[in-house]
Each structure stands twice: as structure tokens, then as C-alpha cells.
Amino acid sequence: MNKKQLLIFPILASVVVSCKKDTLVEVVDVPATPIVAVEQKGGKPSELKAAEGAFQLYELPFEYRSLEPYFDGATMEFHYSKHLLPYVNALNKVVVGTKYEVLELEPILKNLNFSDADVRNNAGAVYNHNFFFEGIAPKAGGEPEGELLDAINRDFGSFGEFVRQFSETSVRLNGSGWTWLMSDKYGRLRIITTPNNDAPQMKGLGITGTPLLNLDMWEHAYYLKFQNKKREYANTFFSVVNWDKVEQRYGAFSKSAAPAYQEPSATGTETPATTETAAPVEKPKPVDGSEE
Ligand SMILES: [Fe+2]
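In my numbering, the protein residues as written are 76 to 367.
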């Protein structure tokens, strides 16, 4: 067998129970292991292209195995080629003939009508995955520096406490979804989650601020290596976080959008330069084609 092939067969295991020699031999069938065929093809990210359409596959700037021993090559290959690529191809199909066809990815999220369920799912998935893959890198991890580290220390107490809260939030996320580090308009940080493939910018979610970092908490992102150990996966993520990229996101945002944030006064009253008002939360509308 090719060493690059890792096959987990559906095993109908037989357990032989022998109570005494020559007296009782009972063969008991136990439930089969779920069928999971994992073949690391050893391909290269650069070999993949999206089908014809408005959106291209994000070009992963490293090889699948480059994040080992933290994130394994098989998971990275499947994640990129069997999840992100199909989402891009699906998005290219579902935007055809719609108002979204002429928009870039982020404007689609900001102008999204929740009745467009296929666009919501695929545009969110592509945006979230692109953001996720941009946010990880080989020989990365460690701690951020500069303004971002200052903000983390200010808003979480310490970098270690931030990691603990981010991992804990990820572990507690029910079902599939995403964990995010967000900055508000003053550069203050907080951790949120979004369900399914929802992105923070989606009109109607009522989430304010800008994303800096995200973690994919769908099973396909971790189950091959970490199985059900979501906490181990979330903690390992911090060995591959591309803090240079996250610092770049935070710096770009703070320079372009943030008014000066004023530290709480001596009386403890928080006095931001302006008052942020959360957008009203819109409930998802039924898919009945009644809107637009
Ligand atoms: Fe994913």
C-alpha cells in the first residue's frame, strides 16, 4: 500500500471471547466504525482551479503538509480541495442572474438577503474559508506584537487568557460554525461565534465591527486528526496562527476606520469618542421568494 494512503476501512470487528480454554468461544459482532476513506493524494494546492465563474479559488500560499505536525496534510488537502473548492464552484453557479453576480465577495455579505439561502451559505463559506486559510501559515504561531498585543492585553488581561477564552468559546459552539476575534470601531476586541457558514458582515445578523481572526469549527476541519477533541484542535490552532496577517488586518482597520478610543475615566465611565449603535437584528426571512 502506498505510504501516502491512509485508509480507515469500515471494520466489522469480531471480538472473540474465551472464558475458559476449550470451553466457550463466542464471536460477537460489534458495530462497524463509520466509513471514512482518507486518501492523501499528495497533490498541490496550485493544481486546483475553480470552475468558470466570477469567483476564483483562494491560492493557498503553502503546501498541504507545511503546517505539520500541528495541522496534518490530509486534513488540509481535504479541507481545501473537497470543501473550499466545491463552495467556490457552487457560489459561481448560484449568483448567476442575481443582483450578486456583479459584486465582490464582501459586498455580497453586506447586501445579502437571507431569503437567498444558497448565496448565504456559499458566499459565507467562501469568505470564511478564505479568511481562515489566510490566517494560518507555516512556522507561525507564538504571540502577536505591537498594537494588537496591547489591545489583547487590555481587553482580555493577557495573551494566555485570550487563547483560553477563544478555545473555550470554540469548544462550546454547538453544531458547525466559526469562532471569531472581532474589533469594534474603537479597536476594542471581543470573541464571537457564527453558526453554519454565516459571516459577521452579513446584513441581518446585527454583528458590528470587523473580523481579525477566525477558526473553522466544522468537523471536516479537525475530525481526521483530532476526532472529537475540539479543545485540542482549538489550542493547536494557535501554533499556526499567522499573527503577521492578523496584525496587518488590525492595523489597516485601526488606521482607516477607528476614531480615537478613550480609556475609561477615573469614575469608571466609558467614554468612547462616539457611541456605537448596533444595527437592528433582522430575523431570517422565509424562503418564499416574496422579497425582491
Ligand atoms: Fe471548513
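For glycine and all other residues, C-beta sits at the position ideal for the given N, C-alpha and C.
Looking only at its own chain, which residues have a Cβ that is under 6 Å from the Cβ of residue 139, when we skip the five neighbours before and after it?
-> For the purposes of this step, residue 139 is taken as residue 64 along the sequence shown, with counting starting at 1. Excluding positions up to five away in sequence, the list reads 148, 151, 152.
DSSP state of residue 275, grouped into three classes?
-> Reading the sequence shown from its first residue, position 200 is the one you call residue 275. In this structure, residue 275 counts as coil in the three-state DSSP scheme.
Collect the residues with a C-beta less than 6 Å away from any heavy atom of ligand 1 and give them in sequence order along the chain.
-> 154, 158, 204, 291, 293, 295, 296
At least 3 beta-carbon pairs within less than 8 Å: the region 183–191 vs the region 250–268 | no
Looking only at C-alpha atoms, which of 235, 279, 200 sits nearest to residue 165?
-> For the purposes of this step, residue 165 is taken as the residue at position 90 of the sequence shown. Ranking 235, 279, 200 by Cα distance to residue 165 puts 200 first.
DSSP-derived helix/strand/coil call for residue 289 = One-based indexing of the sequence shown puts residue 289 at position 214. Residue 289: strand per DSSP, three-state reduction.
From the DSSP output, in three-state form, read off residue 263 for me.
-> Position 188 of the sequence shown, counted from the start, is the residue given in the question as residue 263. Correct three-state label for residue 263: coil.
Which value, in whole angstroms, describes the spacing of the CA atoms of residue 275 and residue 235?
-> Within the sequence shown, residue 275 is the residue found at index 200, counting from 1. Within the sequence shown, residue 235 is the residue found at index 160, counting from 1. Whole-angstrom Cα-Cα distance: 25 Å.
Leaving aside the five residues before and after residue 220 along the sequence, list all residues of the same chain whose C-beta is less than 8 Å from its C-beta, in chain order.
-> Against the sequence shown, residue 220 aligns to sequence position 145. Cβ within range, chain order: 318, 322.
Cβ shell of residue 242 (< 7 Å), same chain only, five flanking positions each side left out | On the sequence shown, residue 242 is found 167 positions in, with the first residue counted as 1. Excluding residues within five positions, the ones whose Cβ falls inside 7 Å are 306, 309, 310.
Neighbourhood of residue 135 by C-beta, 7 Å cutoff - its chain only, sequence neighbours within 5 removed | Within the sequence shown, the letter at position 60 stands for residue 135. Cβ within range, chain order: 120, 155, 208.
Cβ-based neighbour list, residue 205, same chain, cut-off 6 Å, excluding 5 preceding and 5 following | Walking along the sequence shown from the start, residue 205 turns up at place 130. Cβ within range, chain order: 133.
How many angstroms separate the CA atom of residue 128 from the CA atom of residue 229?
-> What you label residue 128 is simply residue 53 of the sequence shown in a count that begins at 1. What you label residue 229 is simply residue 154 of the sequence shown in a count that begins at 1. Looking at the two C-alpha atoms, the distance is approximately 44 Å.
Where are the beta strand (DSSP E) runs, 3 residues long or more, that stay fully inside the region 210–266, in chain order?
-> 252–258
Under 8 Å by Cβ, that's how I've got residue 142 and residue 211 pegged, so tell me the actual separation to the nearest angstrom.
-> For this step, residue 142 is matched to residue 67 along the sequence shown. For this step, residue 211 is matched to residue 136 along the sequence shown. Between residue 211 and residue 142 the Cβ distance is about 7 Å, and since that is below 8 Å, they are a contact.
Among 291, 284, 296, 216, nearest to residue 328 - alpha-carbon criterion | If you number the sequence shown from 1, residue 328 lands on position 253. Minimum Cα distance to residue 328 is reached at 284.
Could you give the DSSP three-state label for residue 144: helix, strand or coil?
-> In the sequence shown, residue 144 corresponds to position 69, counting from 1. If DSSP states are grouped into helix, strand and coil, residue 144 belongs with coil.
Run the CB neighbour count on residue 126, radius 10 Å, all protein chains shown included, and call it buried at 16 or more, exposed below.
-> Taking the sequence shown and counting its residues from 1, one reaches residue 126 at position 51. By the 10 Å Cβ count, residue 126 comes out exposed.
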